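The block underneath contains the structure these notes are about, expressed in structure tokens.
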């Protein structure tokens with residue numbers, strides 16, 4: 655379990671560009687979040703998109719217009735620098751990855767923090783459920799599905815899911831454990847046959863890295879905060895800045911604070 659001083663040192667390393675990798679397994683004990691940054695003219699539609707798709711886009715915080723400070727999730731944070739890696743989408747096209755976005759910041763921008771499934775991984779481990787992407791030291795595999803999101807204004811697209819392979823016994827236990835965390839995607843949306851949710855090749859994720867699926871294991875899929883990036887590609891806002899998949903903002907909230915009894 656990481657203490658507050660260790661978290662602050664890690665955040666300084668991220669802010670200064672000394673750490674730019676995935677964040678699964680980092681800052682154990684602290685909740686993590688996905689990021690979306692939009693201009694004010696697109697922010698209301700996206701807020702509505704989150705409200706209509708709460709499992710894919712569970713909102714943790716929304717900043718004031720022009721502010722990069724998430725008052726609910728880290729009053730000393732700066733969302734322009736405090737993630738290891740960012741993606742920039744222009745008219746739905748991924749144009750670049752960056753380790754900071756200060757040069758792109760505009761005075762009417764709004765930041766959204768969305769719950770991340772990395773938050774409930776601590777609870778999975780505490781219940782004896784292994785996490786394959788951590789074991790193999792790679793990014794979690796993520797896939798674009800055929801499951802449609804509810805449209806809101808200009809925003810539409812299909813759900814993205816993250817996948818963790820496990821035995822059937824662990825899959826049932828994982829469903830019960832993660833159901834306690836609705837603000838970070840909650841229970842799985844699907845277990846078993848990937849093709850039934852539009853995933854053709856399980857070893858070729860759309861985002862992140864592939865992991866080993868052992869004999870007798872089933873793939874278990876959770877709604878994923880990369881869904882807004884799929885919505886960006888489908889909806890084509892002039893500019894959307896996001897986290898790079900797997901490279902999250904580490905909040906000041908403890909994981910258990912986002913769980914329910």
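Numbering (this note's numbering), first residue to last: 655 to 915. Think of the CB as a built atom: it goes at the ideal place given N, C-alpha and C, for glycine as much as any other residue. Model, not experiment: these values are computed from the prediction.
- When C-alpha distances from residue 836 are compared across 677, 712, 689 and 775, the shortest belongs to 712.
- Taking a C-beta distance under 8 Å as the contact criterion, residue 905 and residue 882 do not qualify as a contact pair.
- Contact between residue 845 and residue 815 fails: their C-beta atoms lie close to 11 Å from each other, not under 8 Å.
- Going by C-alpha positions, residue 867 is about 18 Å away from residue 851.
- For the pair of segments examined, the segment 906 to 914 was found to touch the segment 769 to 784: the number of CB pairs separated by less than 8 Å reaches three.
- For the 8 Å CB-CB criterion, residue 696 and residue 891 form a contact.
- Judged by their CB atoms, residue 900 and residue 793 are nearer to each other than the 8 Å cut-off.
- Per DSSP, reduced to three states, the secondary structure at residue 858 is coil, with no helix or strand assignment.
- In the three-state reduction of the DSSP assignment, residue 687 falls in the strand class, which pools E and B.
- Just measuring C-alpha positions, the residue of 760, 826 and 763 sitting nearest residue 782 is 826.
- Judged by beta-carbon spacing, residue 724 lies beyond the 8 Å limit of residue 664, meaning their Cβ atoms are not closer than that value.
- Inter-residue distance for residue 738 and residue 870 is about 35 Å (C-alpha atoms, whole angstroms).
- Within the segment 849 to 915, the runs of alpha helix (DSSP H) at least 4 residues long that lie entirely inside it are, in chain order, 881 to 889.
- Residue 768 has 688 and 713 as its beta-bridge partners, per DSSP.
- Judged by DSSP in its simplified three-state form, residue 802 adopts strand.
- Each residue's CA atom was taken as its position, placing residue 704 and residue 894 some 15 Å apart.
- Just so you know, the alpha carbons of residue 666 and residue 849 end up roughly 42 Å apart.
- Residue state for residue 749 is assigned as strand, using DSSP reduced to three classes.
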